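Please read the structure below before turning to the comments.
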Amino acid sequence: MKDFGKRPGECTAEQEAREARAAAEESFARLDRAFHALLGRAEGGLSPVSLGLAWADWATHLAMSPGKQSELGWKAGRKWVHLMREMAPHRADDPEAQPLDPLPQDRRFKAPEWQAWPFSLYAQSFLHAQQWWHNATTGIHGVEDRHLQMMEFYARQFLDMAAPTNFLATNPQLIARTREESGANLIRGATYFFEDMLKVMGGEGEPEPTLIPGEHVALSPGKVVLRNQLIELIQYAPTTEEVHPVPLLIVPAWIMKYYILDLEQTNSLIRWLVGQGFTVFAVSWKNPGEEDRCLGFDDYRELGVMTALDAVTEITGAEQVHGLGYCLGGTLLSVAAAAMARDGDARLASLTMLAAQVDFTEAGELSLFTNEDQLSLIEDMMWEEGYLDKTAMAGTFSMLKSKDLVWSQAVHTYLMGQREEDSALASWSHDATRMPYKMHSEYLRKLFLDNDLAEGRMQAGGQPVFLQDISAPVFAVATEADHIAPWQSVYKLTWALPGEVNFALVSGGHNTGIVAPPGSNRARYRLMEHHAGATHPGPKDWAETSPVHPGSWWEPWAKWLAEKDGGALVAPPPMGKGRKYHAIADAPGEYVLGR
Numbered sequence: 001m002k003d004f005g006k007r008p009g010e011c012t013a014e015q016e017a018r019e020a021r022a023a024a025e026e027s028f029a030r031l032d033r034a035f036h037a038l039l040g041r042a043e044g045g046l047s048p049v050s051l052g053l054a055w056a057d058w059a060t061h062l063a064m065s066p067g068k069q070s071e072l073g074w075k076a077g078r079k080w081v082h083l084m085r086e087m088a089p090h091r092a093d094d095p096e097a098q099p100l101d102p103l104p105q106d107r108r109f110k111a112p113e114w115q116a117w118p119f120s121l122y123a124q125s126f127l128h129a130q131q132w133w134h135n136a137t138t139g140i141h142g143v144e145d146r147h148l149q150m151m152e153f154y155a156r157q158f159l160d161m162a163a164p165t166n167f168l169a170t171n172p173q174l175i176a177r178t179r180e181e182s183g184a185n186l187i188r189g190a191t192y193f194f195e196d197m198l199k200v201m202g203g204e205g206e207p208e209p210t211l212i213p214g215e216h217v218a219l220s221p222g223k224v225v226l227r228n229q230l231i232e233l234i235q236y237a238p239t240t241e242e243v244h245p246v247p248l249l250i251v252p253a254w255i256m257k258y259y260i261l262d263l264e265q266t267n268s269l270i271r272w273l274v275g276q277g278f279t280v281f282a283v284s285w286k287n288p289g290e291e292d293r294c295l296g297f298d299d300y301r302e303l304g305v306m307t308a309l310d311a312v313t314e315i316t317g318a319e320q321v322h323g324l325g326y327c328l329g330g331t332l333l334s335v336a337a338a339a340m341a342r343d344g345d346a347r348l349a350s351l352t353m354l355a356a357q358v359d360f361t362e363a364g365e366l367s368l369f370t371n372e373d374q375l376s377l378i379e380d381m382m383w384e385e386g387y388l389d390k391t392a393m394a395g396t397f398s399m400l401k402s403k404d405l406v407w408s409q410a411v412h413t414y415l416m417g418q419r420e421e422d423s424a425l426a427s428w429s430h431d432a433t434r435m436p437y438k439m440h441s442e443y444l445r446k447l448f449l450d451n452d453l454a455e456g457r458m459q460a461g462g463q464p465v466f467l468q469d470i471s472a473p474v475f476a477v478a479t480e481a482d483h484i485a486p487w488q489s490v491y492k493l494t495w496a497l498p499g500e501v502n503f504a505l506v507s508g509g510h511n512t513g514i515v516a517p518p519g520s521n522r523a524r525y526r527l528m529e530h531h532a533g534a535t536h537p538g539p540k541d542w543a544e545t546s547p548v549h550p551g552s553w554w555e556p557w558a559k560w561l562a563e564k565d566g567g568a569l570v571a572p573p574p575m576g577k578g579r580k581y582h583a584i585a586d587a588p589g590e591y592v593l594g595r
C-alpha cells in the first residue's frame, strides 16, 4: 500500500517526545521557582545563600590571616583591660579609664541610669564588643568588598539584637518602669505581642496605615484631571490671585504613595508650594495587581512621566514645566529628561531631585541586597502573583535601621507596654505600593546591579539615553542620615550632569530631611552652586568647608525655582481642560487608596 505520509494534525513520536521533555523541564522549573518563593517569604525576602557565601569568604580568609588573628587577639585583650579599668572602684583616679562613647546616632545609652553599676558594665561591654566586631569584619585581605560589607552589616544586626537595652534584666529604665507599675506594663506588652502575632499568622505582615488619605492626610484641595492604567494626575487648586508662569510636576517613587509631600497642613510641601504661587501637579501611582505584571520601566516613563507632562502643558498652556522627582521617581525623571534631550524635546525648564540617585555604585547598605542570588530570589517570589508585595521589602528596609525600627520599637511596645499612635509620617510608611514583576526586575538589574544609567547602557524607547545630554538646570537635595540614598551618592549628580547643578545637603533622614518645612527647629542645610566648567570638589572636602545655614531648604529652593521662571506672574490656569483633561474626581483620587 502506498504511504501518503503523516495526516494533518498527527504528531510523530519524536515530536511527542520533545514536547514531553519541554513540559517536564517547565514543571521542574516551576517547582524550583515555587520553592525559592517559599524560601524567600520565610526569610523576609532575604537570601540565606548570599549570607552563606559572604560568611565562607570572610571565615576562610580570616583563617588564612595569622596577622589579623593576632591583631584581633591583641585588641580583645586591650579592650578587656580597658573595661576592667573603667569598672574599677577608683576609676576616677585612672586617666586611662575613660568609658567608650556610643556612635553619634546611637541614643540607646543616653539616659543617666546607664551610668550606674551594673548597667554601666552592660553598656560598656556592648560598646567594646561592637568595636571589636567592627575590626573583625573589616580590613581582611582577599575578601570581596561586598562580602566584607555584608559581614559587618550582619554582625551589627546580631549585636543590636543582643544589646542590653532589649532585655528586662539588663535595662534600668525597664526595671524602673516595671517597679512603678508593679508589672502592669509587661501584661500590656504581652497583650500587644499576642495581638501582633495573631495578625502575622493571619497574613497581615505589615501594619496597615491608620490615617486615611483624604480624611486625615493628603488634604490639599485639587482635582484628578487624568487617569490611565498606571497613574492619576492631580492638579492642585491655586490659593493666590497670580501664579508663577511655569508649573511644577511632581513624580514620586513608584514604591511609595505621593502624599509623603502632602501629609498635614503644617508639613505639606505641596500646600506650601501652592501658597507660594506655584501651579502644582502630582503623579499618583496605581497600586499594581497581577494584571500589571508586564508593565516595565519604559511603561512607567511613557504612561507616567511623559503622559503627565503632556497633560500639564496642555492644561496650563505653558511651554515648559519644572520637574520634581523624589527618590526613585527622580531616577525615572532623569531617564525621561535624557530621552527628551536626545529627541529634541525642551519642555523641562528645570529638574529637582530629592534624595535621588543616578549612579548606584555607592548606593549604601541597600546595595548589599542587590546581587544576582538575591535578585533571582525576588523574581521567583514575584513570578506567581505578578508583583512584589510591600511586606517583602519591609523587612529589608527595617534591617537597615534595625536598632530604631525593630528593637527599640519592640522594647517600647512589648516591655514598656506603650503602643504609640501612628504619626502622619509613620502611617504613610505603612502605606507602600506593590511593584510589578517586570518593572521591579528591570530597575533592580539595570540600576542597582548593572548601573546602566550612569554607564551609558540604559535605553528608553528602544534607544540609549545619556545623562550628559541633559542641559536643564538641576537642584539636588540629599539628607545627612539617609540610609536608602546616601548623600555621597546623590552628590554625584554634581559631576554626572554637565550643566548647572545646585546641591543642598540637609539635616535628617530620607523622609524627615525632605519633609522639613520652614520653622522646623532642627532643620539646617549646606548649599553649593555648581556651574558648568567649574571644578568639582570631593563630597567630604566640600561638606567640611561649606557653611551650615539654619532653616529649611524649601525656601532657597523656591527662590531658585522662581528665578528659573523668567517671566511675570500670571492668572491661574483652569482646573483641567476640555474633555480629555476634565476634572474626574476630587484629590487625592482613587489610586492612592489602593491597598
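Under UniProt numbering, the sequence shown has 83 at position 83, and the numbering climbs by one with no breaks. Idealized CB from N, CA, C, for every residue including glycine. All of these numbers come straight from a predicted model, not from anything done at the bench.
When rounded, the separation of the alpha-carbon atoms in E385 and R177 is 46 Å. In the assembly as shown, R526 is a buried residue. Its beta-carbon has 16 or more other beta-carbons within 10 Å.
In the structure shown, N502 adopts extended strand secondary structure according to DSSP, grouped into three states. Between A349 and A472, the C-beta gap is smaller than 8 Å, which places the two residues in contact. Of the candidates A318, Q418, D389, E442, the residue whose Cα lies closest to the Cα of A432 is D389. Of the candidates Q105, L261, M381, M381 places its Cα closest to the Cα of L31.
Taking all protein chains in view, the Cβ of D160 is crowded by 16 or more other Cβ atoms within 10 Å, so the residue is classified as buried. Between Y259 and the set S284, Q276, E241, V274, the nearest pair of CA atoms involves S284. The C-alpha of L425 is placed about 29 Å away from the C-alpha of A162.
Following the DSSP letters along the chain, one finds Y236 inside the beta strand (DSSP E) bounded by residues 231 to 236.
C-alpha of R522 to C-alpha of W542: approximately 21 Å in a straight line.
Beta-bridge partners of Q149 (DSSP): none assigned. A Cβ-Cβ distance of about 5 Å is found for the pair P550 and R524, placing them in contact under the 8 Å criterion. Straight-line spacing of the CA atoms in V274 and P252 works out to 18 Å. With fewer than 16 other Cβ atoms from the protein chains shown falling within 10 Å of its own Cβ, C294 counts as exposed. The continuous stretches of beta strand (DSSP E) do not include I315, which lies in the alpha helix (DSSP H) extending over residues 307 to 316.
Going by DSSP, Y443 is part of the alpha helix (DSSP H) stretching over 437 to 443. Setting aside the 5 residues that flank it on each side, D292 is surrounded in the same chain by P436, each with a C-beta closer than 6 Å to its C-beta; the list follows chain order.
When DSSP reads this structure, G323 sits in a beta bridge with L249, L351.
Taking the C-beta atoms as reference points, V465 is found no nearer than 8 Å to E500. Take Y192, set aside five residues on each side of it, and the residues of its chain with a beta-carbon closer than 8 Å to its own are T413, Y414, G417, R419, in chain order. Distance from N511 to E529 at the Cβ level is roughly 26 Å; contact not present, criterion being Cβ atoms closer than 8 Å. Residue F278 holds the alpha-carbon nearest to the alpha-carbon of T316 among V305, F278, L333, G304. Under the DSSP assignment, K257 falls outside any beta strand (DSSP E); it carries neither an H nor an E label. The C-beta distance from L230 to D299 rounds to 7 Å, short enough to fall under 8 Å.
Each residue's CA atom was taken as its position, placing A571 and I212 some 33 Å apart. With respect to the 8 Å criterion, Y443 and G289 are not classified as neighbours on the basis of their beta carbons.
Residue burial annotation: R179 is exposed, with fewer than 16 other C-beta atoms found within 10 angstroms of its C-beta.
F126 and K79 have their C-alpha atoms some 11 Å from each other. Secondary structure of T545 (DSSP, three-state): helix. Assigned with DSSP and collapsed to three states, Y591 falls in helix.
Around the Cβ of N171, a 10 Å sphere holds 16 or more other Cβ atoms; the residue is buried.
Relative to the Cα of M575, the nearest Cα in the group Q130, W133, Y236 belongs to Y236.
Comparing alpha-carbon positions, the option among Q468, H134, G456, Q374 lying closest to H440 turns out to be Q374.
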